[in-house]
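Visitor: Residue numbers (this note's numbering), protein chains in the order written: chain A, 2 to 236; chain B, 2 to 236.
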DNA sequence: GCAAAAGTGTTGTGTCTACACCCATGT
DNA sequence: ACATGGGTGTAGACACAACACTTTTGC
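1. Take the Cβ of residue 218/A as the centre, count every other Cβ of all protein chains shown within 10 Å, and call the residue buried at 16 or more, exposed below.
2. Contact criterion: CB-CB distance below 8 Å. Does residue 113/A meet it with respect to chain B?
3. What residues in its chain sit with their C-beta under 6 Å from that of residue 123/A, if we drop five residues either side in the sequence?
4. Compare the C-beta of residue 80/B against all C-beta atoms of chain A and say whether one is closer than 8 Å.
5. Mind checking whether residue 133/A and residue 99/A have CB atoms under 8 Å apart?
6. Per the DSSP calculation, residue 211/B is bridged to which residue(s)?
7. May I ask whether a heavy atom of the ligand GDP can be found less than 7 Å away from the beta carbon of residue 163/A?
8. Please decide whether residue 12/B counts as near chain A, where near means a Cβ-Cβ distance under 8 Å.
9. So what's residue 157/A in DSSP terms, helix, strand or just coil?
10. So the beta strand (DSSP E) residue 22/B belongs to, where does it begin and stop?
11. Helix, strand or coil: how does DSSP classify residue 46/A here?
12. Assuming the contact rule is C-beta atoms closer than 8 Å, residue 160/A and residue 206/A should be a hit. Round their C-beta distance to whole Å, please.
13. Below 9 Å on C-beta distance, what does residue 128/A contact in chain B?
14. To which residues of the same chain is residue 88/B closer than 6 Å at the C-beta, ignoring the five residues directly before and after it?
15. Verify the CB distance criterion: does residue 77/A have a CB-CB separation below 8 Å to chain B?
16. What residues from chain B crowd round residue 54/A, counting only those whose CB sits closer than 8 Å?
17. Considering only C-alpha positions, which residue in the set 116/B, 177/B, 158/B is nearest to residue 191/B?
18. By a C-beta neighbour count over all protein chains shown, 10 Å radius and 16 as the cutoff for buried, is residue 138/B buried or exposed?
19. Taking the continuous beta strand (DSSP E) assigned at residue 99/B, which residues delimit it?
20. Buried or exposed for residue 163/A, please, with buried defined as at least 16 other CB atoms from any protein chain shown within 10 angstroms of its CB.
21. From this set, 8/B, 27/B, 142/B, which residue's C-alpha is nearest residue 90/B's C-alpha?
Below, the structure is given as structure tokens:
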């Protein structure tokens, strides 16, 4: 139990902001200057203010760390309530997953930096497990939605997209099959332009873009799906 | 904005408790005796008490309505924070999905009853949309997990299970294919016993049970899945 | 021509739906 | 015998992975 358990808990919002940087999935963290967990890294966030929604709260706190307009996606994860999760007070935390496209490099305050999710520093509170929960949500949704749009620049080649997916998913991805899956699902479209070849030659890749930046479920993986004459093919 | 917006919100937990009753999916509701929304139906739940986790809170509030031991499953849904969601106060609500096996018929207080999800009465607050969100979560998880265990009695025939799935999913389900899908996924096992025939004859059905009552993801629907030599077949 | 990178063709596999057919029981 | 439901066999649809092969570029 907390040292202080008042009748009313405090409420904070926390965000797992992820971006693929230098080929690996990284998370935005800041280093605590005060107890508790002085010197440890922590997720950005803070107290809920009067009259705010939780989403407004996390956006406001993130604004102190990054330009919030650079967030390509934001969704709620879990609300944590273990009375012992903060040593100082009874504190609820509603966690969010945020994503930043790989071509942006936000200005950060001095105490804030990106850290690799696969090699996290020591994190305070329960923030380590929150980061992993965020990564799992991302991985799942990459598989059955068009969430890739939130990791990618506006335009990209299939190889570049493959590298983003590989970094986020943590395993190799075949460019060949990635292209076919996303085109068949009508998630990608060709821009008509092509990227210039690299210095060592090679065929220049076509540039693609995501058809929409609204989250859509593209593979409803609906096993046990409704009976009936095959679903209408896309026009 | 609420009439009263204090610096600290109150926090409630609410549960969408679902059960298949008489062939249809129903939700546990109680009828409000006081303003706001006097006479309207509402989800069970209530204020978070000092030192409780959210899950302890919703279990405690449900205990006033049903025997909590009859809950076969309980999981967190979303935390709602719109300042206008309650007319009286600034109130956060963390919502849960609860499930009750179809063979139980809990004793209920006089103000509490089951209502069909497909034909809801007038609900107070934002509880109508919460019920639908709970139903969607159930439908999705029936498809790719073994969550059926939480709707079904300990033992059942495939036809009985088919009827439960059909009621929960809202469309016909083929007993033939349901059996094969769940057996292949190793979710069901045969008990060896059989049900007696009905009055009008017919072959008696074999009795099955779920292999486990722990939630498991049985179809990881992992499109874009890791490369490699085919996953090891079940022994 | 040769290396490098992008993209297509093709085959095979796993998982599901649909539907015909067979099985076991009561009357 | 026949009706009533339970259960199996089998064929086809579909989406994907794997991999060989072709195309387009730089040097």
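Glycine included, every Cβ here is placed at the ideal spot set by N, Cα and C. Bear in mind that the values here come from a model prediction, so they are computed numbers and not experimental data.
Guide: So, from the data block:
1. Along the first chain, read from residue 1 onward, the residue named residue 218/A stands at position 217. Burial call: exposed.
2. For the purposes of this step, residue 113/A is taken as residue 112 along the first chain, with counting starting at 1. Output row for residue 113/A: interface = no.
3. As a working mapping, residue 123/A is identified with position 122 in the first chain. Cβ neighbours of residue 123/A beyond the five flanking positions: 41.
4. In the second chain, the residue the question calls residue 80/B occupies position 79. The C-beta of residue 80/B comes closer than 8 Å to at least one C-beta of chain A.
5. Reading the first chain from its first residue, position 132 is the one you call residue 133/A. Reading the first chain from its first residue, position 98 is the one you call residue 99/A. The answer is no: Cβ separation not under 8 Å.
6. Residue 211/B sits at position 210 when you count from the first residue of the second chain. In DSSP, residue 211/B forms a bridge with 189/B.
7. The model on display carries no ligand, and the ligand GDP is accordingly not part of it.
8. Numbered from its first residue, the second chain carries residue 12/B at position 11. For residue 12/B, the answer is yes, since a Cβ of chain A falls inside 8 Å of its Cβ.
9. Residue mapping note: residue 157/A aligns to position 156 of the first chain, counting from 1. Strand at residue 157/A.
10. Reading the second chain from its first residue, position 21 is the one you call residue 22/B. From DSSP, the beta strand (DSSP E) with residue 22/B extends over 11 to 22.
11. Mapped onto the first chain, residue 46/A falls at position 45. Correct three-state label for residue 46/A: strand.
12. As a working note, residue 160/A is residue 159 in the first chain. As a working note, residue 206/A is residue 205 in the first chain. Contact holds; Cβ gap of about 6 Å.
13. Residue numbering aside, residue 128/A sits at position 127 when the first chain is read from its first letter. What residue 128/A touches in chain B: nothing, since even the nearest Cβ is about 18 Å away.
14. Here the question's residue 88/B lines up with position 87 in the second chain. Contacts found: 37.
15. The count along the first chain starts at 1 and reaches residue 77/A at position 76. Chain B contact via Cβ: present.
16. Sequence index remark: in the first chain, residue 54/A carries index 53 (1-based). Those are 82, 83, 84, listed as they occur along chain B.
17. Translated into the one-based positions of the second chain, residue 191/B becomes position 190. Among 116/B, 177/B, 158/B, the Cα nearest to that of residue 191/B is on 158/B.
18. Position 137 of the second chain holds residue 138/B. Flag for residue 138/B reads buried.
19. Position 98 of the second chain, counting from 1, holds the residue named residue 99/B. Element bounds for residue 99/B: 92 to 100.
20. Counting from one through the first chain, the residue named residue 163/A turns up at place 162. The residue in question, residue 163/A, is buried, as its Cβ has 16 or more Cβ neighbours within 10 Å.
21. The sequence position of residue 90/B within the second chain is 89, counting from 1. Each of 8/B, 27/B, 142/B was checked against the Cα of residue 90/B, and the nearest Cα belongs to 8/B.
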